[in-house]
Each structure stands twice: as C-alpha cells, then as structure tokens.
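Peer 1: Below is one structure. I have some questions about it.
Written out as structure tokens, the structure reads:
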C-alpha cells in the first residue's frame, strides 16, 4: 500500500513537472531554462562530490596495495 | 512645487538601502542551492562529512539570511513613505508581485528555514532534504516576484493608464509575469547569486586549504563550489547577452549609455568601446579605444540593424515631449471638466504622456499650461536631454560588471580543473586568488544594479512616469535625517555580518568533524522516521 501511494505521489509530481515545463516552455522560455539549468547545476555539483569520493577510494586502494607487507 | 533636492535625497536613500540590501541577497540565493547540493550528496552516499558540510555552510548562510531579511524589510515601506506618487501611479500593478512575494515566497522561505535549521534529527533524511530544497526554491521565488515588479519598471507591460483614476490599471497578470525583461532579469540575477555563493564557499575552502586546516572538508566543499560556479558563471554571461539585446529593443537610451554611443553609425560599423572616458556635458569621449564592426552583431544579433546613438534618441524624444505636453494639458482639463473633447485630445497623445510629465520640471512654476511659444523650444530641449541617463556612470558600471563576470569564468575554470585533478594544493596562488575573490561577485552584483537602475533614468516607470514626479513631498530636513539614520543602521548591520562571518569562518568546521567523519552515517533513514540509535547528533552544538 505504501509503495502504491509513493508511486502515485511520484506520478503526481511528474505530471506537475510536465505541466510546468509545457507552460514555462511556451510562455516563459527563460523561466524554463532556469528550472532545467538550476537542476543541472545542482546535479553536476553533486556528481563532482561523488566523483571525489570515487577518486578518494581508488587512491586509498592504491596506497593499500603499494604498502609493504610484512612476512 | 516639487523640490528637486527632496527627489535627489529620496533617490540617494533608495539607492543606498537597495545597494546595502543587495550585499546580502546574492549570497542567500546561491548558498541555498549549494546547501541543497551538499545535502543531496549526504542523502545519496550517507557520508557524515556532507552532513557536516551542509550544517557548517548552513550556519554561515543563516547569519547572512537573518541580516539580509532585516535590510530588505525597510525597502518595501520606502515605496510608501518616500515614493508615494509612484505608489499611487502604479500601486495596482506594482503592489501585486510584492504582495505575492510576501505571502507566498517569503513565508515559504522563512517557514522552511526554521525546519532546515532545527529539523536535523527530527526529520528523516529525505524530508530534511526536501525542506532544504524548499528553502532554496522559496528564496529564489522571493527574488522572482521582486524582479517581476522591477521588470515592470523597466518595460511596463500588462497595464495601461486610466485617465479617470489617474493611475496605471492592471490589464494582464500573465503579461506582467512573463514579461521578457522580468524573465531574463530573474535568471541573470539568481545566477549571479549562484556565482556569489559558489565563490564564497570556494574562497573560504581555499583559505582552509592554504592553512592546511580541515583539508578533507575543504577539498570536498571546494570541488562542489567550483563546479557549481563554473556553470553558473557561464550562464550569467549568456543571460547578460540576452538582457543587452532586450535593452536594445526596449530601452535604447540605456543601451546607448551602456555602450557610450554618442552618434548613430551606418550598420554594421557601430564600434564597441573597450575603454572610454565619456563626457556627459559635451556628449563626446575625452578618450576611447574601440573596435569597429563589433557592437552591431553583439547587440542586435545581425549586421543590418542600426544601433541608435544619443544624438538620434535625443532628437526623437523632442517630438515625444511636444506630444506629451499636449497629453498632460488635456488630461488636466479632463480631470477638471470630464469634457469628452479633452479626453479625445488626451487619447491622441497618450502614448507620450510621460514625456509631458518630464517637461513639467522646466515649465514656469512647473505648470505646463504656462508654456508659451517663446519658452517651448528650450523646455523641449532640456526635457529631451533628460531622457538620456548619465553615460559615464552607466558605461563604467556596465564595463566593470562585465569584466568581473569574465574574471569569474576564468577563476572557476581553473579551480574546477585543478580540483577535478586533485591538485589544488600544488597551486597556492590559485587558492589565494579564490580566497581574495570572495567579495568580487557581490561587487559585480552592485555594478549590475547600478547599470540597470541608472540606465532606467529619468524614469521610475520607463516612458510613463519620471523619477522627478514620483517622490513624496517631504522636507529636506526629514530626508537628511532618515538618510543618515539608514546609513548608520545599515552600516551596523554590515559590521555585524562581517564580524560574525569572519568569526565563524575562522573557527571553521572543527566541532563538526569526527575521526570517522567520512564514514557512512546511518543515523537518519532516507525516508520514514529518523533513527535514534546514534545519539551523537544530540551532543553537538550547532549554535
């Protein structure tokens, strides 16, 4: 039941977003650009952080592998 | 009689309060979305350090937000106290976006700011993230409605003048909201805020990296801010171009002043001035360095449209002033007698009514009915000359803004590049540049507003209502007293902001960082009720 409500809520958000996009695209192209652009800026910034973690993890792994092992 | 000194003092007071207020606004606009981005990473990865980042930068945002709100509130009252003629003339139109801003966006922003600060540990991770995004949306929606109101002042669409009520009446809400000027200005202004926020986070992080403090925290913050900033700064430049083209179409006097174009030249010759010393009195450049054939495609986006110079604009304004005088005289007659002939005479010249108001300043006793055939030419000439804003101020405020805009693109590009390569600490000069660049976006925003509002002169509502006619009829003493009071009070606000910002930025995020700070934290679930298995959040002091 919770999943159905969640899906319905997300479908509602999707419909609202599509409606907003159509109206904004028709009447306010720069508003539409702002909506898409701001989302993109946030996502790219977020992706940069995720990439940082990946770079960090691989560097740690290389450090571990190159560390001398005791026999 | 309108006292020009009172008008000038009213202008100075509004300019002062607006410029003070806008020292805080851009940081709020940008920081909210940066916080949302940081918290998104926390929710996705579950790493505690991103929660610490959101909370630390959130604290600095909170200081700025509180003081910014305090400085903004007085400005809305100024419309009533100092600009009562303006408020009467366009209150029906102008008041609508301001009311929506107060009711919808500002309340939304304020409500969710409380939840954002005090909701940690009380809301699930997903719910808290939604709250942070709503704060960002709310603060930017506040800016939207203010800029829609400002868009009306620059390009008055969606309203028309009613001679019965003697003021502008609302005709189309849609036209007001979707005004091209409002749209482009909203995106340009909010993106300038994003640049300010990104530069702030990046600069403070650079300071930590230079001092080898909080390196894990600072490197991540720097990376996110640099990427946030590079795209925002490129977008700001794009929107700047859009606004320039709009000015060419709607406010040619502003464009002529911005580019220092004294004479109209045959397209596509119009030169783009890299450097000039414009002299408003003689309407010439004392010195200039310019590149021909650049301005036409740059502004008009073609090679055939002439870019009107000050000479042509002043010449065309003369005919408008004569028609405007007829419109205002007919309007006055209609107001007194309700005579249909007077209404018809007004309607015939209505589109230039504002230019008649402009001439009133130079009419004997400021009464247009006292204009004679003898004094008409000199009044028309003076009023037509008034239609050109101060070119020196406009030219240089615009150029400094643009120069800074391109500097930001370069700084962010290098910072993003070396951050992505994890080589920031090998380039201390770049880190120093990033730290010293913190106040520059705020300066650029201030230059941007000077360009926009000085370029709108001599109008409060472009083409309809001159600034000279818009002020309240206070005495000089009252204006000087309130001006000094505002300057003192706002300077205190700035001193408080700087003190608190420096204090908390220097302290750094030390109390937020634990030895396992970049390990995943599973304190709060993404959805549902927060978990209370780990009470470490309760022992931290976020205040």
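Chains as they are written, first to last, in this note's numbering: chain A, 1 to 71; chain G, 1001 to 1543.
Cβ coordinates follow ideal geometry from the N, Cα and C atoms, glycine included.
1) Straight-line CA distance for residue 1333 (chain G) to residue 1444 (chain G)?
2) Distance cutoff 8 Å, beta carbons only. Does residue 1402 (chain G) sit that close to anything in chain A?
3) Give, in chain order, every unbroken run of the alpha helix (DSSP H) that is at least 4 residues long and sits entirely within the stretch 1168 to 1192 of chain G.
4) Let me see if you follow: with CB-CB separation under 8 Å, is residue 1487 (chain G) close to chain A or not?
5) Roughly how many angstroms lie between the CA atoms of residue 1447 (chain G) and residue 1257 (chain G), to the nearest whole one?
6) My parser needs the alpha helix (DSSP H) runs of 4 or more residues fully inside the stretch 1241 to 1313 of chain G; what are they?
7) Between the stretch 47 to 70 of chain A and chain G, which residues of the former have CB atoms less than 9 Å from a CB of the latter, in chain order?
8) State whether the stretch 1338 to 1352 of chain G contacts the stretch 1400 to 1416 of chain G, with contact taken as three or more CB pairs (one from each stretch) at a distance under 8 Å.
9) Should residue 25 (chain A) be flagged as near chain G, meaning a C-beta pair shorter than 8 Å?
10) Let's see if you can read the secondary structure: which residues bound the beta strand (DSSP E) around residue 1412 (chain G)?
11) Name the DSSP bridge partner or partners of residue 1466 (chain G)?
12) Run through DSSP, which three-state label would residue 1160 (chain G) get?
13) Return the residues of the stretch 1024 to 1047 of chain G that lie within a Cβ-Cβ distance of less than 9 Å from chain A, sorted by chain order.
14) Closest to residue 1176 (chain G) by C-alpha separation, out of G:1017, G:1234, G:1153 and G:1408, would be which residue?
15) Does any C-beta atom of chain A lie closer than 8 Å to the C-beta of residue 1154 (chain G)?
16) Quick one: is residue 42 (chain A) near chain G, going by C-beta distance under 8 Å?
17) In chain G, which residues lie less than 8 Å from residue 33 (chain A) when you measure between Cβ atoms?
18) Classify residue 1304 (chain G): buried if its beta carbon has 16 or more other beta carbons within 10 angstroms, exposed otherwise.
19) Under 7 Å Cβ-Cβ, which residues of chain G neighbour residue 76 (chain A)?
20) At a Cβ threshold of 8 Å, is residue 1199 (chain G) touching chain A?
21) Shorter than 8 Å from the beta carbon of residue 1460 (chain G) to some beta carbon of chain A?
22) Could you give the distance in angstroms between the alpha-carbon of residue 1026 (chain G) and the alpha-carbon of residue 1293 (chain G)?
23) Whose CA, out of G:1397, G:1322 and G:1092, lies closest to the CA of residue 1373 (chain G)?
24) Determine the chain G residues that contact residue 12 (chain A) at a beta-carbon separation under 8 Å, and present them in chain order.
25) Note down, in chain order, every chain A residue with its Cβ under 9 Å from the Cβ of residue 1174 (chain G).
26) Does the beta carbon of residue 1054 (chain G) come closer than 8 Å to any beta carbon on chain A?
27) What in chain A is Cβ-close to residue 1251 (chain G), meaning under 7 Å?
28) Mind checking whether residue 1461 (chain G) and residue 1156 (chain G) have CB atoms under 8 Å apart?
29) Residues of chain A with CB closer than 7 Å to the CB of residue 1183 (chain G), please, in chain order.
30) So, residue 1301 (chain G) versus residue 1239 (chain G), is the Cβ gap smaller than 8 Å?
31) Count the other CB atoms, across all protein chains shown, that sit within 10 Å of the CB of residue 1125 (chain G); report buried if there are 16 or more and exposed otherwise.
32) Mind checking residue 1243 (chain G): buried by the 16 CB within 10 Å criterion, or exposed?
33) Alpha carbon to alpha carbon, what distance is there between residue 1053 (chain G) and residue 50 (chain A)?
34) Should the stretch 1474 to 1482 of chain G be called in touch with the stretch 1270 to 1277 of chain G, which here means at least 3 C-beta pairs below 8 Å?
35) When you compare the stretch 1201 to 1220 of chain G with the stretch 1430 to 1440 of chain G, are there three or more beta-carbon pairs, one atom per stretch, that lie closer than 8 Å?
36) Contact criterion: CB-CB distance below 8 Å. Does residue 1148 (chain G) meet it with respect to chain A?
Peer 2: Let's see:
1) 48 Å
2) no
3) 1173 to 1177
4) no
5) 14 Å
6) 1252 to 1259
7) 47, 48, 49, 50, 51, 52, 53, 55, 56 and 59
8) no
9) no
10) Unbroken run through residue 1412 (chain G) is the alpha helix (DSSP H), 1391 to 1420; no beta strand (DSSP E).
11) G:1459
12) strand
13) 1033, 1034, 1036, 1037, 1038, 1040, 1041, 1044, 1045 and 1047
14) G:1153
15) no
16) At least one chain G Cβ lies under 8 Å of residue 42 (chain A).
17) From the beta-carbon of residue 33 (chain A), the residues of chain G found nearer than 8 Å are 1187.
18) Answer is exposed; the Cβ neighbour count stays below 16.
19) In the structure as shown, chain A begins at 1 and stops at 71. Residue 76 (chain A) is therefore absent and cannot be evaluated.
20) no
21) no
22) 35 Å
23) G:1322
24) Neighbours of residue 12 (chain A) on chain G: none; closest Cβ ~15 Å, over 8 Å.
25) 27
26) no
27) None at all; the shortest Cβ gap to chain A is about 17 Å.
28) yes
29) 28, 30 and 31
30) no
31) buried
32) buried
33) 14 Å
34) no
35) yes
36) no
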